[in-house]
Amino acid sequence: MVNLSDQPCVIARCAALVGDAWSILILRDAHAGFTRFDEFRKSLGIAPTILTRRLATLTEEGFLEKRRYSDRPPRDEYVLTAAGKDFLPVLFAFGAWGWKHRGGGNDVTRFFDAEAGTEIDPVTIDRATGAPIGTRPIRIVAPE
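The opening position of the sequence shown corresponds to residue 3 in the numbering used here, with each subsequent residue numbered one higher.
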């Protein structure tokens with residue numbers, strides 16, 4: 003069996019870290035301001051054992067930081083790290099693809115800029131060329 007985290011491709015390595023739907027949805031909710039176990043559990047309808055494992059993995063991989071907010075009883079919260087915050091554009095690119103190819107419409111969640119009040123319409127561009135990703139051919143170069 004191939005270990006994706008050992009692959010030279012950064013896409014494969016990232017898929018190994020967050021390639022599971024629960025982890026992606028936990029990161030979505032963390033960006034929406036959720037920090038506590040019960041908030042994630044209620045939002046996702048996820049089994050506690052699965053949530054515990056996913057939060058542990060996201061913490062170990064550096065997306066979330068676990069912080070104690072109560073000693074009696076002991077309670078922790080999960081806060082986005084810099085790496086976790088940097089994942090937001092990935093979530094929005096993922097969502098934009100889903101909107102276009104899996105049924106955007108009135109029956110799906112929409113995302114708004116909290117300050118401007120405008121709906122977010124993400125576009126991923128190449129910084130060097132300014133071209134939207136997906137509009138130009140790509141070439142994959144493996145390390146030597």
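Yeah, the Cβ is synthetic: ideal placement off N, Cα and C, and Gly gets one too.
Remember, predicted model here, so these are calculated numbers, not experimental data.
Checklist entry - In whole angstroms, what is the alpha-carbon distance linking Glu117 and Glu146? => result Between Glu117 and Glu146, the C-alpha separation is close to 46 Å.
Checklist entry - Could you check where the beta strand (DSSP E) with Ser72 kicks off and where it finishes? => result Start and end: 66-73.
Checklist entry - Skipping 5 residues on each side, what residues in its chain have a beta carbon closer than 6 Å to that of Phe36? => result Closer than 6 Å at Cβ, skipping near neighbours: Phe42.
Item to check | The alpha helix (DSSP H) enclosing Pro91, as first and last residue numbers | outcome: For Pro91, the uninterrupted alpha helix (DSSP H) segment begins and ends at 90-103.
Item to check | Asp78 - DSSP class collapsed to helix/strand/coil | outcome: Of the three classes helix, strand and coil, the one that applies to Asp78 here is strand, per DSSP.
Item to check | Thr131 versus Ala84: straight-line alpha-carbon distance, rounded | outcome: The alpha-carbon separation between Thr131 and Ala84 amounts to approximately 26 Å.
Item to check | Reference Pro76; option with closest CA among Arg38, Asp8, Arg141 | outcome: Here the closest residue by C-alpha is Arg38.
Checklist entry - Whose C-alpha, out of Arg15, Thr61, Asp31, is nearest the C-alpha of Ile1? => result Residue 1 lies beyond the residue range present for the chain, which begins at 3 and ends at 146; the question has no answer from this structure.
Item to check | Per DSSP, cross-strand counterpart(s) of Pro134 | outcome: Per DSSP, Ile127.
Checklist entry - Should Leu46 and Leu29 be called a contact, given that it needs their Cβ atoms to be closer than 8 Å? => result With contacts defined by Cβ atoms closer than 8 Å, Leu46 and Leu29 do not form a contacting pair.
Item to check | DSSP three-state assignment for Phe113, whether helix, strand or coil | outcome: DSSP places Phe113 in coil when its eight states are reduced to three.
Next on the checklist: Assess contact between the region 67-75 and the region 87-99, defined as three or more Cβ pairs (one per stretch) separated by less than 8 Å. Is contact present?
Outcome noted: Under the 8 Å Cβ criterion, the region 67-75 does not count as touching the region 87-99, having fewer than three qualifying pairs.
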